[in-house]
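S.K.: One structure, as structure tokens, below. Some questions next.
Chains as they are written, first to last, in my numbering: chain A, 1 to 414; chain B, 415 to 828.
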């Protein structure tokens, strides 16, 4: 089925928001076997919105929209969808009840705006929103369908997964199955070169490589008649990919590095603590986002000042003076000191120059990761040659997870 | 002048790339006083590309495109622009010379593809590309103009700055100025209700409200003849908005909460330390992303286990036993203990149930923020009624910044 993605919102035309919704929905719709022909963005204006919908319907049968379902006057998607597809709005009892429940829980009164949010096209299939207040819906007329979801990505993603995707599956021809292989420590060009024999010969399954903030992904996808066939084809290809590049793979199932490592720590019953300087808590934050991690994670220390490094971790004043805080010597003393203090099986540290500028004679992106375990100590030097503070910290955290994976000898299984 | 942004490339319709070009050009065009009415994306297909250009020209006078200027067969933007605006391609001597120079520098022979890249519409104003090989151009016909630039963001940004923006300045009428007011502690519906008198009366400056992950933004924008006029009009309206809703505003300049509070701590020379349980380092991480924060931030502790809370912060075993770790009593003992340990002027703590599930009889989203300063102690109870672990932690971090803002009595100045 041919489809278009329509993003509604003046803030996007002002450039205040990057349109990540269109990219997300493009990936998802392609995986369901739909052909995405156009992306459109229009502002909160009913005339132009209606015109774009009519234009798109000349060439596609399905339009998926995000945005414009909020409670305010400039939220016009529902009204416009009704105008084009010959329906009208009426109070939708379930949506009203849900909104009343939310208001009650938050101790707020229902405003007139809230009632507007409970109005739905009479012929629509309504999608409840369990992450926010605006429900979504799909409305069909004469073979043309419009599927409308809220704009905030978190709400949209949940509604897509729980409600919209299952609804659209009935129109999907063939089934796409895929695995997302996650890589760290190899660039996209090298990865593609290694996989070239497989990429050149591909028809189905297909292989695609993506660069992603210091990492790489490989998507192995197959479109077949049955889910079983597709899965078998993908697994077979993933095995061939792993035979060529397995040492760099940390997940065969699209898991982020924190999740892949965190789950393995829990599985093995290993305790961990972290002390961070340049990453400033980003490692701990990332690890704590793994459900159930309290079984493995004892504590994290953000020792930002030299005083904190000495008081909390017993880093020696001589070390700081002789080698500075941004040194391999300090990195390993931090990890070692934390292990003495906590007794955690694994202690990991970070220190260095996050940027944006250099620090003395040390360039932005020069960072060290220390790791201390029983009978195992190691320091990794990182040089990103970048002056992007956020990027450097993010990359350093990935290196911390990479060091842990290597230290415990973890290779994911297919 | 009304304009549209057209992004050309099948990879965007597959969702492999997020369309950051459209956001960049939107910001830039708006700042020049152009009205961006639409974003379009189409794949590498000449029929659909021509159709979208014709449709857009019904409503706009200028289309700015990126992508499809490369050397390969599926790069069709130039050919299509010529077809719609009645021109034809011919070898452009300067572009050819530039491509020959690049080939010579790289020690490569000119390929047939290179000659294709040197073909330009005969009536076009050509923009040379000093960051890549594909030149850009602007072509006009009967009052309608199409301005075409290459797709890779780095090349496009440079061509925009050096060539396209200076060219477009001659058509710029008026200048847009805007401020983004950031709110916490008020919902979008309530905010709009409070601002309704101003919103209803608006022509210029315009007011728009946006919800954003537990926060709200209000954009105040004005388009005038001169930057000074626009700025004065925006500031005047921002003052009226602040008079109605000022208590919830933490920034008049679009800054995130961590940045607004972090900069104020640095400005006042106040030291801060944090101890986190349910937020797991997210607060420290957020604070550390503020450049120069080492002047204010001493240390952060992620005391995830009861053992860590007792050892690091001196939380009493009786408190944990009688009230549990997820209690207001523990929250304040954490903050107090951290202040005794570090001597920081402000110590802030978090504890509670991030979710996704409840913990015993405590629901997901029940969290406490403690704050301890000289002569000031406070605990804030949070109930989000959500089971989204990431969202709850994020919201709790915002509350921590909110508590600090209130504790130090900080109201941003216009």
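Glycine is no exception: its CB is placed at the ideal position from the N, C-alpha and C atoms. This structure is a prediction, so every number in the text was calculated from the model and none was measured.
Note down the Cα distance separating residue 524 of chain B from residue 517 of chain B, rounded to an integer number of angstroms.
M.R.: Distance between the alpha carbons of residue 524 of chain B and residue 517 of chain B is about 6 Å.
S.K.: Residues of chain B with a CB under 7 Å from the CB of residue 22 of chain A: which are they?
M.R.: Residues of chain B passing the Cβ test: 433.
S.K.: In three-state terms, what does DSSP make of residue 319 of chain A?
M.R.: Note: residue 319 of chain A maps to helix in three-state DSSP.
S.K.: Would you please verify whether the beta carbon of residue 574 of chain B is less than 8 Å from any beta carbon of chain A?
M.R.: Not closer than 8 Å to any Cβ of chain A, the Cβ of residue 574 of chain B fails to qualify, so no.
S.K.: Please report how far the alpha carbon of residue 621 of chain B lies from the alpha carbon of residue 632 of chain B, in whole angstroms.
M.R.: So the two alpha carbons sit approximately 7 Å from each other.
S.K.: Per DSSP, what are the beta-bridge partners of residue 119 of chain A in this structure?
M.R.: Note: residue 119 of chain A sits in a beta bridge opposite A/91.
S.K.: Just to make sure I have the definition right: I need the residues of chain B whose C-beta is within less than 8 Å of the C-beta of residue 34 of chain A. Which are they?
M.R.: Per Cβ cutoff of 8 Å: no residues; residue 34 of chain A is ~11 Å from chain B at best.
S.K.: Measuring only between beta-carbons, confirm whether residue 261 of chain A sits less than 8 Å from chain B.
M.R.: By this cut-off, residue 261 of chain A is not an interface position.
S.K.: For chain B, find out if any of its Cβ atoms is closer than 8 Å to the Cβ of residue 12 of chain A; answer yes or no.
M.R.: It does: the Cβ of residue 12 of chain A has a partner Cβ on chain B nearer than 8 Å.
S.K.: Within 10 angstroms of its Cβ, does residue 673 of chain B collect 16 or more other Cβ (buried), or is it exposed?
M.R.: With 16 or more Cβ atoms within 10 Å of its Cβ, residue 673 of chain B is classed as buried.
S.K.: Could you pull out every residue in the same chain whose Cβ sits closer than 7 Å to the Cβ of residue 383 of chain A, ignoring the five residues on either side in sequence?
M.R.: Closer than 7 Å at the Cβ level, and outside the excluded window around residue 383 of chain A, lie 365 and 366.
S.K.: From the beta carbon of residue 265 of chain A, is the nearest beta carbon of chain B less than 8 Å away?
M.R.: For residue 265 of chain A, the answer is no, since every Cβ of chain B falls outside 8 Å of its Cβ.
S.K.: Between residue 114 of chain A and chain B, is any beta-carbon pair separated by less than 8 Å?
M.R.: Yes - at least one Cβ of chain B is within 8 Å of the one on residue 114 of chain A.
S.K.: Check the Cβ of residue 294 of chain A against every Cβ in chain B and list those closer than 9 Å, keeping chain order.
M.R.: Within chain B, the residues near residue 294 of chain A are 718 and 719.
S.K.: Taking its Cβ as the centre, do 16 or more other Cβ atoms sit within 10 Å of residue 623 of chain B, making it buried, or is it exposed?
M.R.: Buried, since its Cβ has 16 or more Cβ neighbours within 10 Å.
S.K.: Give the single residue among A/130, A/309 and A/320 whose Cα lies nearest to the Cα of residue 95 of chain A.
M.R.: Of A/130, A/309 and A/320, the residue nearest in Cα terms is A/130.
S.K.: What span of residues does the alpha helix (DSSP H) with residue 748 of chain B cover, start to end?
M.R.: Element bounds for residue 748 of chain B: 742-756.
S.K.: How would you list, in chain order, the residues of chain B whose beta-carbon sits under 9 Å from the beta-carbon of residue 131 of chain A?
M.R.: What residue 131 of chain A touches in chain B: 800, 802 and 805.
S.K.: Would you give the residue range spanned by the alpha helix (DSSP H) that residue 550 of chain B belongs to?
M.R.: Element bounds for residue 550 of chain B: not the alpha helix (DSSP H) but the beta strand (DSSP E), 550-555.
S.K.: Between which two residues does the alpha helix (DSSP H) harbouring residue 424 of chain B extend?
M.R.: Taken as a continuous stretch (DSSP letters only), the alpha helix (DSSP H) holding residue 424 of chain B covers 424-427.
S.K.: Who are the Cβ neighbours of residue 35 of chain A in its own chain at under 6 Å, not counting the five residues just before and after it?
M.R.: Closer than 6 Å at the Cβ level, and outside the excluded window around residue 35 of chain A, lie 2.
S.K.: Go ahead and pull the three-state DSSP assignment for residue 287 of chain A.
M.R.: Helix at residue 287 of chain A.
S.K.: If contact means a Cβ-Cβ distance below 9 Å, which residues of the region 447-468 of chain B contact chain A?
M.R.: Residues 449, 450, 451, 452, 453, 454, 455, 456, 457, 459, 462, 465 and 466.
S.K.: Who does residue 212 of chain A pair with in a DSSP beta bridge?
M.R.: In DSSP, residue 212 of chain A forms a bridge with A/215.
S.K.: By how many angstroms is the C-alpha of residue 15 of chain A removed from the C-alpha of residue 438 of chain B?
M.R.: C-alpha separation (whole angstroms): 6 Å.
S.K.: Kindly indicate which residue of A/137, A/61 and A/363 has the alpha-carbon position closest to the one of residue 172 of chain A.
M.R.: Considering only alpha carbons, the answer is A/61.
S.K.: Taking contact to mean at least 3 C-beta pairs separated by less than 8 Å, is the region 301-308 of chain A in contact with the region 704-716 of chain B?
M.R.: Enough Cβ pairs lie closer than 8 Å, so yes.
S.K.: Taking a contact to mean a Cβ-Cβ separation below 8 Å, would you say residue 592 of chain B touches residue 655 of chain B in this structure?
M.R.: Contact flag unset, no.
S.K.: Span of the beta strand (DSSP E) holding residue 308 of chain A?
M.R.: From DSSP, residue 308 of chain A is part of no beta strand (DSSP E) but of the alpha helix (DSSP H) over 306-313.
S.K.: Report buried or exposed for residue 68 of chain A, applying the criterion of at least 16 other Cβ atoms within 10 angstroms of its Cβ.
M.R.: Buried.
S.K.: Please compile the residues from chain A whose C-beta is within a distance smaller than 8 Å of the C-beta of residue 603 of chain B.
M.R.: Neighbours of residue 603 of chain B on chain A, chain order: 71, 72, 111, 113 and 114.
S.K.: Taking the CB atoms as reference points, tell me whether residue 135 of chain A and residue 81 of chain A lie closer together than 8 Å.
M.R.: Result no, Cβ atoms of residue 135 of chain A and residue 81 of chain A do not sit closer than 8 Å.
S.K.: Compute the Euclidean distance between the alpha carbons of residue 264 of chain A and residue 410 of chain A, then round it to the nearest angstrom.
M.R.: When rounded, the distance between both Cα atoms is 8 Å.
S.K.: Which residue's Cα is closest to the Cα of residue 511 of chain B: B/500, B/529 and B/501?
M.R.: Answer by Cα proximity: B/529.
S.K.: Is the beta carbon of residue 283 of chain A less than 8 Å from the beta carbon of residue 189 of chain A?
M.R.: No, Cβ-Cβ distance for residue 283 of chain A and residue 189 of chain A is not below 8 Å.
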